[in-house]
Structures are given as structure tokens and as C-alpha cells.
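Input: a single structure, listed below in C-alpha cells.
Number of protein chains: 2
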Amino acid sequence: MKIVTIKDIAKVTGFSPSTISRVIANNSRISEETKQKVRAVMDELGYHPNLTARNLVVQSTKTIGVIMPSSADKSLQNPFFTEVLRGIGSYFHQKQFSMLLSSGQTEEEKFKEIERMVLGKYVDGIILLYSRLNDSVVDFLKEKNFPFVMVGKPSEYKDEIVHVDNDNIKAGKDITEHLLENGHKRISFIGGAADLVVTIDRQKGYETALKEAGIPVSEEYIIHTEFLKSGGREAVEQILELKVKPDAIVVSDDLISVGVISMLEEYGLKVPEHISLVSFNNIYFSEIIHPALTTVDIQIYRLGVESAKAIIQICTNQVLNEKRIIIPHCIAYRNSVKVIK
Amino acid sequence: MKIVTIKDIAKVTGFSPSTISRVIANNSRISEETKQKVRAVMDELGYHPNLTARNLVVQSTKTIGVIMPSSADKSLQNPFFTEVLRGIGSYFHQKQFSMLLSSGQTEEEKFKEIERMVLGKYVDGIILLYSRLNDSVVDFLKEKNFPFVMVGKPSEYKDEIVHVDNDNIKAGKDITEHLLENGHKRISFIGGAADLVVTIDRQKGYETALKEAGIPVSEEYIIHTEFLKSGGREAVEQILELKVKPDAIVVSDDLISVGVISMLEEYGLKVPEHISLVSFNNIYFSEIIHPALTTVDIQIYRLGVESAKAIIQICTNQVLNEKRIIIPHCIAYRNSVKVIK
DNA sequence: CTGTTAGCGCGTTCAA
DNA sequence: TTGAACGCGCTAACAG
Chain L
173 MKIVTIKDIA KVTGFSPSTI SRVIANNSRI SEETKQKVRA VMDELGYHPN
223 LTARNLVVQS TKTIGVIMPS SADKSLQNPF FTEVLRGIGS YFHQKQFSML
273 LSSGQTEEEK FKEIERMVLG KYVDGIILLY SRLNDSVVDF LKEKNFPFVM
323 VGKPSEYKDE IVHVDNDNIK AGKDITEHLL ENGHKRISFI GGAADLVVTI
373 DRQKGYETAL KEAGIPVSEE YIIHTEFLKS GGREAVEQIL ELKVKPDAIV
423 VSDDLISVGV ISMLEEYGLK VPEHISLVSF NNIYFSEIIH PALTTVDIQI
473 YRLGVESAKA IIQICTNQVL NEKRIIIPHC IAYRNSVKVI K
Chain S
173 MKIVTIKDIA KVTGFSPSTI SRVIANNSRI SEETKQKVRA VMDELGYHPN
223 LTARNLVVQS TKTIGVIMPS SADKSLQNPF FTEVLRGIGS YFHQKQFSML
273 LSSGQTEEEK FKEIERMVLG KYVDGIILLY SRLNDSVVDF LKEKNFPFVM
323 VGKPSEYKDE IVHVDNDNIK AGKDITEHLL ENGHKRISFI GGAADLVVTI
373 DRQKGYETAL KEAGIPVSEE YIIHTEFLKS GGREAVEQIL ELKVKPDAIV
423 VSDDLISVGV ISMLEEYGLK VPEHISLVSF NNIYFSEIIH PALTTVDIQI
473 YRLGVESAKA IIQICTNQVL NEKRIIIPHC IAYRNSVKVI K
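These protein sequences, in sequence, are chains L and S. Residues 173 to 513 (the numbering used here) are what the first sequence spells out, left to right. Residues 173 to 513 (the numbering used here) are what the second sequence spells out, left to right.
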């Protein structure tokens, strides 16, 4: 299959390559007549611009690297990611941008890969889909002064790094207060990985709500677990060993909730009859499992859209009003909370 | 930030650009001594090869377009996708390949995008993460003779299209037989989108198992639904309206199972006490929900790895022994099946 | 409105 | 073992 280039079109039409190029760009200084002619020949010969060649000369790829947690991380299974990806994709598509997905299994592999993308100028910008404590990737990007935005709150340099986030502290407070308002007094917190900023913030909100309600925050009531089944088990077992058992739990992520609920059931505790439970994210699952989860809807899709919008703005040198873009949350009230009067 | 190119290194070291290029390629005809020198200067100046420039000259990008269902499709929420992506990524990483993710919301957008990737020579190959009936994308790729592999079984041209698949007919048969062996006689089938080849195959297996057991296949017992909640509801309602209610259900996808189980519970039917249920995929969830699902483990991760391996083989002109690559399945026995003696 | 010229940064002949 | 020259396919100055 012969490759059709701009030159071929030039030859056939009798115009110069630059004219052809202008037709492609739909340059206004080209007469409609020539445009017609040129386009006809393009169709005929099946011409299509070579993106790589164009990228080389314009020094831009219109491609953004989208970085997920390293794939060894269990949290990758979280439907959260496909949902942000959907959001990002929808905006990218309309702006004709592409997403290059990271694939590293370990932190180190991921780092190498990002280095390759960035230093090799294979992407114009980066979207980080998570925020961790002491992330070398962030340091690297900052040092290189490379355009990037983060979904979630940076652990450092909050007013230098553009990020799209929920007010997770507020969200944690809101959902805990919902429990309080429904008469719950002994509220436990089960969080995911403790080095995730999002976990920290939600926990902070939980603590704030308790304090404001005059309820002391007890260390025993706060548990950290992984996304693994055994983790869910341990968390539940820890709770069951408490002298005074909680009447409600705030879980930092819907996915963990699923495990926790099923563990509780195994120990004969039903949600919400015996114990109430709320969590965060409002992934598709939280609505279809039994009981349907009362959870904070953080609008994952919008997080994706806005981060896409932000990175494209940065890459196209538009002004960005704010470093911190907050997506509002709301509570999806469902059936995992019992009303204690 | 000044861009460091091969020429800069050439200037500083006193060698010619072509020598530098050879050092990068680690060409054996360059003396170790010069290599050392050149590399030292590269480090010093912070040189990194420009991937776009390289891609242009070698006429290859070492990136593969990975195509998901259009993002309007609810099935995208299925953790299946992140899991294949993990598999693909792990192999790509080790071969230094990149993944370009599709983002189209509608079928048409997706088609346009693929056209752009392919015609614009922005990718060396394509992996299709689904298989539908009458897919124009497949026709396009076939017609252009563009390298691609499919995860799942093609609806047409089975022995022309390279694809990585499970033996879903066998899987459907196996899991149905498991039900049969446990004493179930009235077995219903709930399938996802009816134009997905995978649904069709699993149903075929279900029917085969029934026939071989001498049980007539009843149209009433076969229901198709979407991934939506309402769909799950309708499916369950249809089942409950049956004069003779089934004692077990084969569901074509774990994600649908979740909805079905929760609907059943809403109607007072517990799994497996009142009705047994089995399904397919063995996503992370199926293990942590209650009851833990007895499901066909199709090894999603491996599907990803093998499809990655295949597309890279094709793109690097290696010989591929088989068009059809089958990933073996096995049954993960858990707690959603009751034994009727 | 259109053509000429010059690169973008790199790999690869061919010659030395 | 190294260098000069060319070209990948395209855009963008500068001319006219």
C-alpha cells in the first residue's frame, strides 16, 4: 500500500505542497475553488495527514499521558478509574486530544515510563489520577516544570499544583453528620490506604463532625485497610472485638464497603438493621448492591471532564483562574442507614 | 527550557550527529571509548531522544490503540476493562510499547477516532476489547488490512481475524452442568446485550448442557437485559412471573449478577437458599459480595497479556501460529449454589 | 491567493 | 570506526 503524502497531492493537482497544507488547515487565504479541487484529489487518492510528521513540526502531540496507580495496586480494580477515564475521554474527544495510558506495574516502572513520555516529548501534559504522600512523580513533573494536573488534592504545594478535587473534608463531615442526625453516636471509620490524601481528608472530616457534636474521637474506632478481602475481614474483626461496638461506620470508599458489608453479614450483622454504613464515591455498584449504599456522590465523571479541561487549558496557554478546582458533592441517600429515634 | 538535540551533543563532543545516533542505538561499530564520552555529555546536558522525530523516520510508533466500547455504553463500568488493561499494560511495558486509549462516546465518534489513529499512522496496531455483531470498525480494519487483534470471538471471519478468547460455549456448558450436578433442573439464563458475541456463546453453552441432560430449552427461561439497574429488575420480575419458577440462574456476567441478586433479595428470595446463581468473569467483586459468587474464572488478566503479545508479534512481523488463542477457564466454586440432593 | 525555502529531530545510506 | 548528505511528511516563514 503506497503511502500518499502531501507531495503526491501537490503533483496531481499542480499546486505546491504548502498550498495543500493550507487546505488541510482550512486556511482562509486559499480560494474555495482550489480547496475543492485539492480535496477532491485527496479523497480520490485516499490521502490522510501523517500525525507524527505534523507533531514533529508543530512541537506538540495533542496527546496527554493519563497516569493510573501502578497496576500492582489492587485499587486499580476500582470502577472509579473507568469512570474518570470516561469523563476525560469525552472532553478529549471533542478537543481532538488523545490519551496515552500508563502501564507500569511498580512505582518504579511507572516513574520510568512517565520520564520517557515527558522527556521524549511524546505527550503535551499529564493527568495524575491519584494523589499520594511523597510521590516522586510529582517532584519530577514539578522540577521539569511540565504541565500536569492532578485528580485529588496534592499532599504538598497545594497552591502551585493545578488539581481537580472534591472538598473531601467537607464530604467526610457531611456524611458523618448524616449519621449523627439519624441518631448514631458510636461511629467508626474504615479507611483505605493511609498514604492516600483522599483517605486522610475524609477521615479529617469524620473527626471534625464528631468533635463538633461533642463526641470524642477514639483511636480504636479508626481502622485502615486495603482493598483486599482479607483486609475487609480484619477491619470487621477489629470492630467486633471492641468492647462498645459502633452503631454506624463511615467507609472511605464504596468498594471497601462491599467487602465490609459482606463480612459483617458473615458475622451475623445486617446493614442497616444491626449497623449502619455510609461511604464515598457513588460508583455504579453502590446502587445495585443490597443494601443500596447511602454514599457521597463525588461526581467522578465530572472530575474527569474538569481535569481534561484544565490540562488542555494549560497546554494551550490559556489562563487558569484557579489552581484548585472543586467539584461539588452531594449525598445519595439510599438504604444503608437506619434511623434511630 | 532549551531543547537538547542530537546536534547539541554532536557539537559538544566534537562527533557528528550520526555518531551520536549510533551511540543511542548502541551500535556495535562505535568504540566503547566514544560511547562513554558521548553518554557522559548526554547526561550532562540532559539529553533525551525525541520520540516523535524517531517515529517519523522509522515509520512506526510502538504504540497500540486500545479500543473500549463507546463510553455511552454502561458496560464500560465493568471492572473487566481495567483488568484487561492491566494485562495489556504489563506486557506492553516490558516491550516498551504504549497504549493509546479510545475515547469516543458514540459508535460513530469511536469510528472516527479509530480512523484518525489508523490513517494518521499514529498507532502500529489496534486491540479491540469487545466483539459485537456487525461492527463497522472490524470491517474498516479488515479492509485497510491494518494489524489488529480482538479480545473475544469475531462474529465473522473467525479464521482470518486474530483473536484472544475463552471457549465461552464450553464455559457456559461447564457452569450449567455444575448446576445440573447439584440437582438443579429448572435453570434460567440471564444474558447481557444480545449483540455481544460473548453473550451468545455463553447462552449456547447453557443450551447445550440442558439438551445433553435431556432438559428442554424454554424460551421463557431466557432473558436479556442491560447492565442498568432497571434491567436487572425487569429480568427478575420476568422470572418471578413464571408459572414454574427456576431453581437456578446462569447469568452471563458477574456485574449483572450483583443487580440480579439484590433484586431477588428485594423480592424476598435469597441466594442460594431460595435460588442458586452462577455467572462468568470472576471479577474482584464476585469474591467479596455476599454471597460470594460461584463463577467461571476466565482469567481476564491473561486475556490482556495474550492480546498484547499477539498484536506486538503481528506488528513486528513475527509468525503467529494460530488465529484463535484460547485462554483456559476454570470454575471458582463459592457460595451461590445450593446442593439439592 | 500561491510558491519557495527551510527546517522539526532523528536514522540511514554511502563513502571515507 | 566515523562523517556527510539525505529524507521521513509536514508546517511556517518570507516572497511575490
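Note that CB positions come from ideal geometry on N, CA and C, so glycine has one too. Here the structure is a predicted model, which means the values were calculated and not measured.
Sort out for me which residues DSSP pairs S:M271 with in a bridge. L:L273 and S:I236
Compile a chain-ordered list of the residues in the stretch 444–476 of chain L whose CB is closer than 9 Å to at least one CB of chain S. I455, Y456, F457, E459, I460, I461, H462, P463 and A464
Any idea which residues DSSP pairs L:V336 with across the strands? L:V323 and L:I497
Show which residues of chain S have a CB atom less than 8 Å away from the CB atom of L:G404. I460
Can you pull the chain S residues whose beta carbon is under 7 Å from the beta carbon of L:N227, in chain order? T224
Please decide whether L:M322 counts as near chain S, where near means a Cβ-Cβ distance under 8 Å. no
Give me the subset of the stretch 268–284 of chain L whose CB atoms are less than 7 Å from a CB atom of chain S, sorted by chain position. S270, M271, L272, L273, S275, G276, Q277 and E281
Please report the straight-line C-alpha distance between S:D469 and S:Y505, rounded to a whole angstrom. 10 Å
Using the beta-carbon count (16 or more within 10 Å), is S:E337 buried or exposed? The sequence as given places Asp at residue 337 of chain S; Glu does not occur at that position. Result: buried.
Can you list, in chain order, the residues of its chain whose CB lies under 6 Å from that of L:M435, leaving out five sequence neighbours each side? G404, R405 and V408
Contacting residues, own chain, Cβ-Cβ under 8 Å from L:I455 (five flanking each side not counted): N250, P251, F252, E255, D426, L427 and I472
Determine whether the Cβ of L:H396 lies closer than 8 Å to any Cβ atom of chain S. no
Below 8 Å, how does it come out for the stretch 293–310 of chain L and the stretch 223–238 of chain L: are there three or more Cβ pairs, yes or no? yes
Element boundaries [beta strand (DSSP E), containing L:N453]: S448 to N453
Just to make sure I have the definition right: I need the residues of chain L whose C-beta is within less than 7 Å of the C-beta of S:R258. Which are they? S243 and L248
The stretch 380–397 of chain S / the stretch 435–448 of chain S touching (three or more Cβ pairs under 8 Å): no
Check whether the stretch 303–311 of chain L touches the stretch 273–287 of chain L, counting contact only when three or more Cβ pairs, one atom from each stretch, lie closer than 8 Å. yes
Determine the direct distance from the alpha carbon of S:I433 to that of L:H462, and round the result to whole angstroms. 8 Å
Where does L:F264 sit, in a helix, a strand or coil, going by DSSP? helix
Identified DSSP bridge partners for L:V422: L:F361 and L:V450
Euclidean distance between Cα positions of S:D373 and S:I394: 14 Å
Distance CB(S:K207)-CB(S:D331) smaller than 8 Å: no
Quick one: Cα of S:T348 to Cα of S:V422, how far? 7 Å
Just the C-alpha distance for L:V334 and L:I499, rounded to the nearest angstrom, thanks. 14 Å
Nearest-angstrom Cα distance between S:V477 and L:E445? 44 Å
Sheet register partners of L:H396 (DSSP bridge): L:G363
Terminal residues of the continuous alpha helix (DSSP H) containing S:D311? S308 to K316
Would you verify that the beta carbon of L:Y302 is, or is not, closer than 8 Å to some beta carbon of chain S? no
On a CA-only basis, which of S:S451, S:M214 and S:L273 is nearest S:N340? Give me that one, please. S:S451
For the putative contact between L:L217 and L:D180, defined by C-beta atoms under 8 Å, what is the C-beta separation to the nearest angstrom? 6 Å
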